[in-house]
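In the numbering used here, the protein residues as written are 35 to 510.
Ideal Cβ placement from N, Cα and C applies to all residues, glycine included.
What you are looking at is a predicted structure, and each value in this text was computed from that prediction instead of being measured.
Below: one structure, written as structure tokens.
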């Protein structure tokens, strides 16, 4: 019996199939507009994953992607597994309940929630000056950790509005602390006071001592460190939080991610074979859609990393077309271990500059793109007119020595001609070759050409790690 990791998904004509193991190592699909990346290699992979009962999470940039996945699921008999998560869907994901009800110890829960919020906030924020990045990151992390910890000390069940009100009412100067009216109105101060009164009356124990230390740290932060920040610094950190928080306090995000009134959807549903399509297309909902989808993506990635894998555990996939819209700081770390958890990433985008721009700028972004791409084991290069992307593909495929004919002509008393051959190291596939690949449709007899590059075992027939692969759209 074939082990699940060695099960073929695509039988390449060049030999050595694309297996579940290859899927778990991740896929990157690059191609210009109209190149056939979605209708070609994208449709091929989606079909194979669905046919083989993978569960999955699908993020959406365009409205038509929801219908596309409905069609896929109908074609491959997965309609009963499809969950369309969006406005008026009847589904919700209360991520704060989800995170706080896990069996982690208190500090683990606090940092998990804070890290999730920070990841989403930073994904939508401008990076600013690199020299300031560590400072703002630390300030934001401290605010989130202490806010979450305070709310958890005050109540085991927390909602996002609790966090929002604590940050909104945190003291901004020492005069406020002495103002009875402010103390009566500030949710931050009232929660600190409430927890302090409660802990004062509890019997002494190791557990209660730990709670008292947590409260002391919270008091030190809000009544000390937070006040000691300059007004400019504090306002910048607040705006980082509220830029995200204001969107999260309104629908559709509030109803989808804060409610318990509806059928709860969790990342673990994909382990049970469900296909969750997030119907918050970025091009419709913009930052709101991006925030909600990155939040679900990050929580899903961490849930997959907690899986207990057995020999025949079901693979799951993360499918992200227009992937550059949905990047976050932990993508590279997740992908470096995704294979171990059978989490099959598929990223589709047009070109390298898209990734670089959304990863934080040209130099930093290009480096991060290469770090992420290096952890995606199979790459499909479709027709493309972007020079950087084509040069990256050409360099990845490599160089070889080729004999080149040369001729020298000189003129003196009489003309002299000499001929010879020399070896030159040149790219196996020139970067310009990628712009002329077939892109499907009637003009190309519905044929889409893509150069496939795979790590590890070379293709059997070519003995190389790359090959030109033709996909017929009418056969999908």
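By the CB criterion at 8 Å, residue 358 and residue 71 fall outside the cutoff.
Contact between residue 56 and residue 474 is ruled out by a C-beta separation of about 24 Å, above the 8 Å threshold. If you look at residue 355, you'll find it in the beta strand (DSSP E) that goes 350-355.
The region 202-211 makes no contact with the region 302-320; the number of CB pairs closer than 8 Å stays below 3. Three or more pairs of CB atoms, one per stretch, sit closer than 8 Å, so the region 123-133 contacts the region 292-301.
Around the Cβ of residue 349, a 10 Å sphere holds 16 or more other Cβ atoms; the residue is buried. If you ignore the 5 residues before and after residue 179, its C-beta comes within less than 7 Å of the C-beta of 144, 145, 148, all in its own chain and listed in chain order. Straight through space, the alpha carbons of residue 325 and residue 360 are spaced by roughly 9 Å.
Between residue 73 and residue 418, the CB-CB gap reaches or exceeds 8 Å. Distance from the CA atom of residue 187 to the CA atom of residue 488, rounded to whole angstroms, is 50 Å. For residue 247, the number of other beta carbons within 10 angstroms of its own is below 16, and it is reported as exposed.
364 is the residue among 409, 379, 364 whose C-alpha sits nearest the C-alpha of residue 393. Taking the Cα of residue 389 as reference, the smallest distance to any Cα among 403, 486, 106 is reached at 403. One thing to note: residue 366 has its Cβ no nearer than 8 Å to the Cβ of residue 313. Contact check between the region 252-266 and the region 217-235: three or more CB pairs, one atom from each, fall below 8 Å, which counts as touching. Residues 174, 175, 178 of the same chain have their beta carbon placed closer than 7 Å to that of residue 152, with the five preceding and five following residues left out of the count.
Residue environment for residue 76: buried (at least 16 other C-beta atoms within 10 angstroms of its C-beta). Each of 470, 506, 460 was checked against the Cα of residue 476, and the nearest Cα belongs to 506. Fewer than three pairs of CB atoms, one per stretch, sit closer than 8 Å, so the region 100-111 makes no contact with the region 322-341. In this structure, residue 130 lies away from residue 205, with their beta-carbon atoms at least 8 Å apart. In its own chain, leaving out the 5 sequence neighbours on each side, no residue places its CB closer than 6 Å to the CB of residue 345.
In this structure, DSSP gives residue 230 a helical state, which the three-state scheme calls helix.
Counting along the chain, no alpha helix (DSSP H) covers residue 382; the unbroken beta strand (DSSP E) around it starts and ends at 377-383. The region 267-274 and the region 52-67 do not touch, with fewer than 3 CB-CB distances between them shorter than 8 Å. Restricting attention to 46, 78, 504, 225, the CA atom closest to the CA of residue 197 is found in 225.
Put simply, the backbone Cα of residue 370 is about 47 Å away from that of residue 237. A straight line joining the alpha-carbon of residue 340 with that of residue 464 spans about 43 Å. For residue 487, the beta-bridge partners assigned by DSSP are 413, 500. Per DSSP, the beta-bridge partners of residue 433 are 461. Minimum Cα-Cα distance from residue 502 among the listed residues 184, 484, 319, 378 corresponds to 484.
Here residue 154 is buried, its C-beta having at least 16 other C-beta atoms within 10 Å.
DSSP lists 120 as the bridge partner or partners of residue 313. Per the C-alpha coordinates, the member of 510, 328, 267, 185 positioned closest to residue 157 is 328. Contact annotation, residue 95 with residue 356: C-beta distance approximately 4 Å; criterion of less than 8 Å satisfied. Distance between residue 414 and residue 381, taken at the CA atoms: about 10 Å. The continuous beta strand (DSSP E) containing residue 63 extends over residues 61-64.
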